[in-house]
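Chemist:
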Amino acid sequence: MHWPTTPAELEAAQNELATASPPPWTPPHHILIGGVWVCFPRGLTGPGEAGDPAWAAAVVMDGPRVAGRSAIAGAASASYVPGLLALRIGPLLEDVVRRLTPGPDVLLLDATGRDHPRRAGLAVQLGAVLDLPSVGVTHRPLIAAGEWPADVPGAIAPLADGDEQVATWLRTRAGTRPLVVHPGWRTGLPAAVRVVSSSLAGRRTPEPLRRARQVARLARGSVRGP
DNA sequence: GCGACAG
DNA sequence: ATCTTGTCGC
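Sequential numbering from 1 applies to the first sequence in the UniProt record's numbering.
(1) Between the alpha carbons of Ala144 and Pro82, how many angstroms are there, rounded?
(2) Between the Cα of Val137 and those of Ala111, Gly121, Arg177, spot the shortest distance and give me the residue it belongs to.
(3) How is the beta strand (DSSP E) around Ser62 delimited, first residue to last?
(4) Suppose the cutoff is 6 Å on Cβ atoms and the five residues either side in sequence are ignored; what does the same chain contact list for Ala192 look like?
(5) Could you tell me the boundaries of the alpha helix (DSSP H) in which Glu9 lies?
(6) Have a look at Ala78 and Trp3 and give me their C-alpha separation to the nearest angstrom.
(7) Report the rounded CA-to-CA distance for Ile89 versus Asp161, giving the unit in angstroms.
(8) Going by DSSP in three states, Asp161 sits in which element: helix, strand or coil?
(9) In terms of residues, what are the limits of the alpha helix (DSSP H) holding Pro190?
(10) May I ask which residues mark the beginning and end of the alpha helix (DSSP H) holding Gly127?
(11) Helix or strand or just coil, what does DSSP make of Val81?
(12) So for Arg204, helix, strand or coil by DSSP?
(13) Hey, how far is the Cα of Val129 from the Cα of Leu44?
(14) Could you tell me if Ser70 is buried or exposed, where buried requires 16 or more neighbouring beta carbons within 10 angstroms of its beta carbon?
(15) DSSP three-state call for Ile89: helix, strand or coil?
(16) Among all the DSSP beta bridges, which residues are the ones paired with Ile33?
(17) Any idea if Ala86 is buried or exposed, counting beta-carbon neighbours within 10 angstroms, 16 or more meaning buried?
(18) Could you tell me the boundaries of the beta strand (DSSP E) in which residue 229 lies?
(19) Given a threshold of 16 other Cβ atoms within 10 Å of its Cβ, counted over all protein chains shown, does Arg42 qualify as buried or as exposed?
(20) Assuming Val195 and Pro7 make a contact with CB atoms under 8 Å, what is their CB distance in whole Å?
(21) Counting pairs of beta carbons, one from the segment 93 to 108 and one from the segment 153 to 172, are three or more of them closer than 8 Å?
(22) Taking only the alpha-carbon atoms, compute the straight-line gap between Ala13 and Met1 and give it to the nearest angstrom.
(23) Between Leu132 and Arg186, what straight-line distance do the alpha-carbon atoms span, to the nearest angstrom?
(24) Specify whether the segment 93 to 101 and the segment 146 to 159 touch according to this definition: at least 3 beta carbon pairs, one from each stretch, less than 8 Å apart.
Here you go:
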């Protein structure tokens with residue numbers, strides 16, 4: 001599988017992914033959890049465009065330890081359009097995760113899964129491309145809706161598109177906005193929530209994502225934005 | 001028509 | 001995503 005380069009091609013790939021039924025994955029007691037992140041120049045505003053400078057980083061964690069990391073400098077392959085995020089950063093994400101050693105058992109990324117116009121957000125697609133269980137974590141849903149959970153760590157509340165639950169709010173920390181957890185490739189809601197909950201390290205954001213963001217920003221360094 | 005819209 | 005400012009808590 002490779003990355004589509006046009007909206008029509010991506011939509012076709014998403015429609016295919018929406019009906020895929022890969023073997024479900026259940027997290028074992030001890031797993032390596034990966035996180036991947038892409039950052040852009042400071043000062044970049046709006047949806048951006050193809051060719052925007054970009055830095056991607058990935059980390060793999062063994063419990064509290066960073067077992068491996070990778071980073072690359074590259075360019076966005078398209079502007080950002082809701083529902084078509086893969087066109088912008090799909091290739092960068094795949095590239096930087098493939099350079100990660102050791103390889104993770106499951107991958108976290110900032111993207112939706114089934115909370116998507118075609119039920120196949122980037123969290124699903126990247127997992128499929130890499131043949132790796134994946135979980136999406138976002139600040140807000142793309143199209144799903146649902147009331148927030150109680151202000152108690154671990155509390156969840158459904159996010160639905162019509163009558164179908166496609167993701168879940170998860171209160172990772174009291175007094176802070178809940179995150180949206182998206183089942184991705186080979187993961188269901190219980191597995192996705194377990195993976196995220198087990199990687200929090202007392203923070204609002206899963207540690208693999210925080211560390212990947214740190215590494216990406218470090219790679220960006222002091223490069224000036226527009 | 002208008003607003004909303006993963007990053 | 002990124003920026004800015006302000007506020008609160010350790």
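Idealized CB from N, CA, C, for every residue including glycine.
Modeler: Based on what the coordinates show:
(1) The straight-line gap from Cα to Cα measures roughly 13 Å.
(2) Per the Cα distances, Ala111.
(3) Per the sequence shown, residue 62 should be read as Asp rather than Ser. Per DSSP, the unbroken beta strand (DSSP E) holding Asp62 starts and ends at 53 to 62.
(4) Once the five neighbours on either side are set aside, the close Cβ partners of Ala192 are Val135, Val181, Pro183.
(5) Start and end: 7 to 18.
(6) The straight-line gap from Cα to Cα measures roughly 12 Å.
(7) If I take the Cα positions, the gap works out to 25 Å.
(8) It is a strand residue.
(9) 189 to 198 is the span of the alpha helix (DSSP H), which, as asked, contains Pro190.
(10) Taken as a continuous stretch (DSSP letters only), the alpha helix (DSSP H) holding Gly127 covers 122 to 130.
(11) Val81 falls in the coil class under three-state DSSP.
(12) Under the three-state reduction of DSSP, Arg204 is assigned to coil, being neither helix nor strand.
(13) In a straight line, the C-alpha of Val129 is about 29 Å away from that of Leu44.
(14) Buried is the label assigned to Ser70, since at least 16 other Cβ atoms lie within 10 Å of its Cβ.
(15) In the structure shown, Ile89 sits in a helix (DSSP, three-state: H, G or I).
(16) Answer is Met61, Val106, bridged to Ile33.
(17) Around the CB of Ala86, 16 or more other CB atoms lie within 10 Å, so the residue is classed as buried.
(18) Residue 229 is absent from the structure shown; the chain starts at 1 and stops at 226.
(19) Around the beta carbon of Arg42, a 10 Å sphere encloses fewer than 16 other beta carbons of the protein chains shown; the residue is thus reported as exposed.
(20) The C-beta separation of Val195 from Pro7 comes to about 31 Å, leaving the pair out of contact by the 8 Å criterion.
(21) By the Cβ rule, the segment 93 to 108 does not count as touching the segment 153 to 172, because fewer than three pairs are nearer than 8 Å.
(22) One C-alpha to the other measures close to 10 Å.
(23) Distance between the alpha carbons of Leu132 and Arg186 is about 8 Å.
(24) Contact between the segment 93 to 101 and the segment 146 to 159 is absent, with fewer than three C-beta pairs closer than 8 Å.
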